[in-house]
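Residue numbers (my numbering): 25 to 518.
1. With a 10 Å radius around its C-beta and 16 neighbouring C-beta atoms as the bar for buried, classify residue 141 as buried or exposed.
2. Please list, in chain order, all residues of the same chain as residue 173 whose beta carbon is under 7 Å from its beta carbon, the five residues on each side excluded.
3. Where does residue 384 fall in DSSP's three states?
4. Can you find the residues in the same chain that come closer than 8 Å, C-beta to C-beta, to residue 387, ignoring five residues on each side of it along the sequence?
5. Locate the alpha helix (DSSP H) running through residue 471, then write down its first and last residues.
6. Going by beta carbon distance, what residues of the same chain come within less than 6 Å of residue 452, once the five residues before and after it are set aside?
7. May I have the straight-line CA-CA distance separating residue 335 from residue 156, to the nearest angstrom?
8. If you check the beta carbons only, do residue 448 and residue 344 fall under 9 Å apart?
9. From residue 272 to residue 359, what does the alpha carbon distance come to, in whole angstroms?
10. DSSP three-state call for residue 392: helix, strand or coil?
11. Just to confirm before moving on: does the CB-CB distance between residue 342 and residue 316 stay below 9 Å?
12. Put residue 496 into one of helix, strand or coil per three-state DSSP.
13. Does the pairing of the segment 279 to 297 with the segment 365 to 374 give three or more beta-carbon distances under 8 Å?
14. Do residue 193 and residue 206 have their CB atoms nearer than 9 Å?
15. Might you give, ordered along the chain, the residues of its own chain that have their beta carbon closer than 8 Å to the beta carbon of residue 518, omitting 5 neighbours on each side?
16. Hey, how far is the Cα of residue 402 from the Cα of residue 294?
17. Given a threshold of 16 other Cβ atoms within 10 Å of its Cβ, counted over all protein chains shown, does residue 299 qualify as buried or as exposed?
18. Could you pull the start and end residues of the alpha helix (DSSP H) that residue 78 belongs to?
19. Residue 345 lies in the alpha helix (DSSP H); which residues open and close that run?
20. For the alpha helix (DSSP H) containing residue 115, list its first residue and its last residue.
21. Quickly, what does DSSP pair residue 479 with across the bridge? List them, please.
22. When the Cα atoms are used, what is the spatial distance from residue 196 to residue 165?
23. Using a 10 Å radius around the Cβ and a threshold of 16 neighbouring Cβ atoms, would you call residue 75 buried or exposed?
24. Count Cβ pairs between the segment 491 to 498 and the segment 205 to 225 that sit closer than 8 Å; are there 3 or more?
25. Only counting the same chain, and skipping five residues up and downstream in sequence, which positions put a Cβ closer than 6 Å to that of residue 457?
26. Is it the case that the Cβ atoms of residue 67 and residue 80 are separated by a distance below 9 Å?
27. Can you have a look at residue 103 and say buried or exposed, based on whether 16 or more other CB atoms are within 10 angstroms of its CB?
28. Which residues in the same chain have their Cβ closer than 6 Å to the Cβ of residue 128, if we skip the five residues on either side of it in sequence?
29. Kindly indicate the opening and closing residues of the alpha helix (DSSP H) around residue 376.
30. Output the boundary residues of the alpha helix (DSSP H) element that contains residue 36.
31. Can you tell me where the beta strand (DSSP E) with residue 326 in it begins and where it stops?
32. In the structure shown, what three-state DSSP assignment does residue 296 receive?
33. Using 9 Å as the threshold, is the C-beta distance between residue 322 and residue 328 below it?
34. Check whether the Cβ atoms of residue 442 and residue 113 sit closer than 9 Å, and answer yes or no.
35. Going by DSSP, what residue range makes up the alpha helix (DSSP H) through residue 417?
36. Using 10 angstroms around the beta-carbon of residue 242, count the other beta-carbons present and answer buried if the total reaches 16, otherwise exposed.
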């Protein structure tokens, strides 16, 4: 024991350096992001530094020993910083990866002029409800309301659409309204300034299974058409030895990224790792389609599929194109635009010249900051083909971001880039799949070829399943363009 203590006292600097180095190397190996050849280099560097420290501290020269101590301290400091950085990266990846649940927000609203500020202020109120596909959650909310207002069983009136419920609330036919918060963005299209005319006095989050519509459905297989449904990839399955398609679903919500919302960006990203190719396929948000397991024989806008969860959006696009989509990446598109600023701006190609607000975009390449990229991605009324051109612009911004992430710009502030991505993204890919893919990319240093395509259609006004009783802008799919796009997706999946 005494010999051990004497040894540690004599060689404390190299011993401590060795322990800290081992911790860092263990974290580097366990995180799965570091290729083996880089791990080998890291081990050699650690051994070299340890040998230099050992030789220096055993020297009889005071100056040399001092250099050895300084080297040990600096090495330990670098190792600690490296370990903390790896832990930070893994925490951020765990935050956005492996999504298994989604959040449904059910709200109670009253007229903005109503004096009620909470459920406790609503005894004697009549409640209008729109159950739609959320009857189970609405029933739970009604139970909560009855307990909170102490008024026993509430007066309930059921409406056949979110619009008729909203109109009844504003007209005073009911005192309060209960519905899924996801419908509020739809109501803004039909009732101008609805969010200013009504206020939320109670809101509750319900954690639900993204697959619940498929599991609850009693519809026959004919409803889902020819869609080639694919299960999510196994948690430990490699993403680098086969082609696959993933849905990029862009939403705009004030709350957590897990909250259900209509999907304003619907891009199928088909990845072919063997040929280092990515094919982006944009589908207009107003595409008039069947929503499997939800709408039955009725048609709805593609954007409304997101209200029922990202898995429903996946099934809807599988049904439309007849191809499998194995996973999803769900992004808050407005928040992700912050990534543009972190990357120092992006170079985006515009197919047409147009202006919006104070910004002007030329035909060809445009260097855009975050605000400009957001405007470029959202404008549709400036174009003859409106939503279709907006989808193309969104793909162009996404392409520019992907290209910038492949450049040295990522090395300037990788921590900031990861922070923005983790705050604005949710994915069904596991952390293990992401880290293995990062390691594969670092190992091979491939530059990806990114191709784009979009489908077309004819504009019209029709009633939709999610907003019955009112005509909304829709796009009838052009079957030829859908067939052609599906064929190109299948070619990449071969």
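Where is the CB? At the ideal position from N, CA and C, for every residue including glycine.
In brief:
1. exposed
2. 143, 144, 146, 147
3. strand
4. 374, 375, 376, 377
5. Note, residue 471: premise wrong, no alpha helix (DSSP H); not H, not E.
6. 123, 256, 351, 352
7. 18 Å
8. no
9. 15 Å
10. strand
11. yes
12. Of the three classes helix, strand and coil, the one that applies to residue 496 here is strand, per DSSP.
13. no
14. no
15. 267
16. 23 Å
17. exposed
18. Boundaries of the alpha helix (DSSP H) harbouring residue 78: 60 to 81, taken from the DSSP string.
19. 334 to 345
20. 86 to 120
21. None; residue 479 has no bridge partner.
22. 22 Å
23. Exposed, since its Cβ has fewer than 16 Cβ neighbours within 10 Å.
24. Yes, the segment 491 to 498 touches the segment 205 to 225.
25. Only residues of its own chain outside the window of five on either side were considered, and among them 263 have a CB closer than 6 Å to the CB of residue 457, listed in chain order.
26. no
27. buried
28. 161, 230, 232, 284
29. Counting along the chain, residue 376 falls outside any alpha helix (DSSP H), and DSSP gives it neither H nor E.
30. Boundaries of the alpha helix (DSSP H) harbouring residue 36: 36 to 55, taken from the DSSP string.
31. Per DSSP, residue 326 belongs to no beta strand (DSSP E) and is neither H nor E.
32. Residue 296 falls in the strand class under three-state DSSP.
33. no
34. yes
35. 410 to 429
36. Here the model assigns residue 242 a pLDDT of 45, short of 50, so the residue's position is not dependable, and the following value carries that caveat. By the 10 Å Cβ count, residue 242 comes out exposed.
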